[in-house]
Amino acid sequence: MKYKKRMKKISIFIIAIMGLIVFCIWQNNDIVITDYEYKNTKIPPEFNNYKILHISDLHNKEFGKDQSRLIKYTKEISPDIIVITGDLIDCSHSNIEVSLDYIREAVKISPIYFVSGNHEKSSGVYESLSEKLESYGVIILDNKNLTLQQNDSSINLIGLSDITFMDSNETLVSESLHELVDNHSFNLLLSHRPEFMDVYTDNQVDLALVGHAHGGQVRLPFVGGLIAPNQGLFPAYTSGIHYNENTSMIISRGLGNSILPLRIFNRPELVVITLKNS
């Protein structure tokens, strides 16, 4: 009888461990797509229903052979543009070909705009990566802006390089952004960092798309993210849409992992934003 009870406990323990392993694998590999309708009267009517696919923090993670799952989702979403807000690669796993597998196919679907993250800076291969990205037709917007055109109307697309490319100087971030904002246009910002929400607000950004926080890594019910780089424990900005005066910020929870290898209650995320003139 004691033997049977012991074996039952062991069996339950093994099943629980196996269940936990399966849960963790699912949590870290099953992609969720989050849709936002963003409304602003500054958006020209010609950009009504303009669809943006926002990708962040891939960290060289693979989703199927040659990124086949990411490509499948991208084709199904069929965005007007794809924006990537940094950490496409990981400083610890800097084989850029893993991420370029996605780029090579995705650029055939929609134009791609890219800004750097801190892992691009610390990888030591950003020069090589940027050359490859541009060779495939990706437009790099590190401290640059351009005009997105629809018929006779336009919006101002701004990109900020990661602060680590600017000597980690927040003043330089603000000064760079100030030079790129157009006060007579709708200003759409691509940046890696959510913690600079006040900087984006002070410089009259209308909508900022950011990443970096990995959703807080572990998401607790009724609490949110547990920890995020440069924000610490129980960070304010890890996921979703945030508002500050006339500025909105949408945070991608990202796709991959870096120092912390697991996501819990925090599946990899693709973000889709549909612009609305209203």
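Counting in the working numbering, the sequence shown runs from 6 upward without gaps. Backbone N, C-alpha and C define an ideal beta-carbon position, used for all residues, glycine too.
Residue from the options whose Cα sits closest to the Cα of residue i
{"i": "S104", "options": "I278, L260, K281", "result": "L260"}
{"i": "K70", "options": "T46, L153, E102", "result": "E102"}
{"i": "N65", "options": "F270, I264, V276", "result": "I264"}
{"i": "I245", "options": "T252, R258, L63", "result": "According to the sequence displayed, residue 245 carries Gly and not Ile. Of the candidates T252, R258, L63, the one whose C-alpha sits nearest the C-alpha of G245 is R258."}
{"i": "G164", "options": "I82, D172, S158, L153", "result": "L153"}
{"i": "V215", "options": "K9, L58, W31, N34", "result": "L58"}
{"i": "F28", "options": "S158, E67, I278, L267", "result": "L267"}
{"i": "I36", "options": "T46, Q72, F201, D172", "result": "Q72"}
{"i": "S158", "options": "F191, K137, S115", "result": "F191"}
{"i": "D203", "options": "V178, R224, D187", "result": "V178"}
{"i": "D187", "options": "L151, V130, R74, D172", "result": "L151"}
{"i": "K47", "options": "H189, D207, L231", "result": "H189"}
{"i": "T279", "options": "N33, I22, E110, F52", "result": "F52"}
{"i": "E67", "options": "T39, K80, N33, I15", "result": "N33"}
{"i": "I30", "options": "K281, N282, E132, N262", "result": "N262"}
{"i": "L63", "options": "D106, K80, M23", "result": "D106"}
{"i": "T39", "options": "Y78, K13, L231", "result": "Y78"}
{"i": "F170", "options": "E132, G142, Y141", "result": "E132"}
{"i": "N100", "options": "N251, H124, K80", "result": "H124"}
Cβ-Cβ distance between residue i and residue j below 9 Å
{"i": "Y118", "j": "I76", "result": "no"}
{"i": "Q222", "j": "N271", "result": "yes"}
{"i": "Y41", "j": "V210", "result": "no"}
{"i": "L212", "j": "S181", "result": "no"}
{"i": "I89", "j": "S61", "result": "yes"}
{"i": "Q155", "j": "P226", "result": "no"}
{"i": "D95", "j": "Y55", "result": "no"}
{"i": "K149", "j": "L194", "result": "no"}
{"i": "L93", "j": "G129", "result": "no"}
{"i": "I108", "j": "L138", "result": "yes"}
{"i": "H217", "j": "H197", "result": "yes"}
{"i": "I87", "j": "P116", "result": "yes"}
{"i": "R224", "j": "I255", "result": "no"}
Cβ-based burial, residue i [other Cβ within 10 Å; buried from 16]
{"i": "K44", "result": "exposed"}
{"i": "I168", "result": "buried"}
{"i": "S97", "result": "exposed"}
{"i": "D26", "result": "It is Ile, not Asp, that sits at residue 26 in the sequence shown. With fewer than 16 Cβ atoms within 10 Å of its Cβ, I26 is classed as exposed."}
{"i": "H219", "result": "buried"}
{"i": "K290", "result": "Only positions 6 to 283 of the chain appear in this structure, which leaves residue 290 out of reach."}
{"i": "Y205", "result": "buried"}
{"i": "F201", "result": "buried"}
{"i": "T176", "result": "exposed"}
{"i": "L238", "result": "exposed"}
{"i": "G142", "result": "exposed"}
{"i": "G230", "result": "buried"}
{"i": "A21", "result": "exposed"}
Cβ distance (whole Å) where residue i is taken to contact residue j below 8 Å
{"i": "V120", "j": "G91", "result": "6 Å"}
{"i": "Y242", "j": "P273", "result": "About 18 Å separates the two Cβ atoms, so there is no contact after all."}
{"i": "D147", "j": "S166", "result": "4 Å"}
{"i": "H183", "j": "N208", "result": "5 Å"}
Residue i beta carbon near the ligand FMN (any heavy atom closer than 8 Å)
{"i": "A218", "result": "Absence of the ligand FMN is noted for the structure shown, with no ligands found whatsoever."}
>> Runs of 3 residues minimum, wholly inside the stretch 85-132: which ones carry the beta strand (DSSP E) assignment?
In response: 86-90, 117-120
>> What ranges does the alpha helix (DSSP H) occupy inside the stretch 18-98, keeping only unbroken runs of at least 4 residues that lie completely in it?
In response: Within the stretch 18-98, the complete alpha helix (DSSP H) runs of at least 4 residues are 73-82.
> What are the complete beta strand (DSSP E) segments, minimum 3 residues, inside the stretch 133-198?
Replying inline: 149-155, 158-164, 192-195
> Where are the beta strand (DSSP E) runs, 3 residues long or more, that stay fully inside the stretch 217-278, in chain order?
Replying inline: 245-249, 252-256
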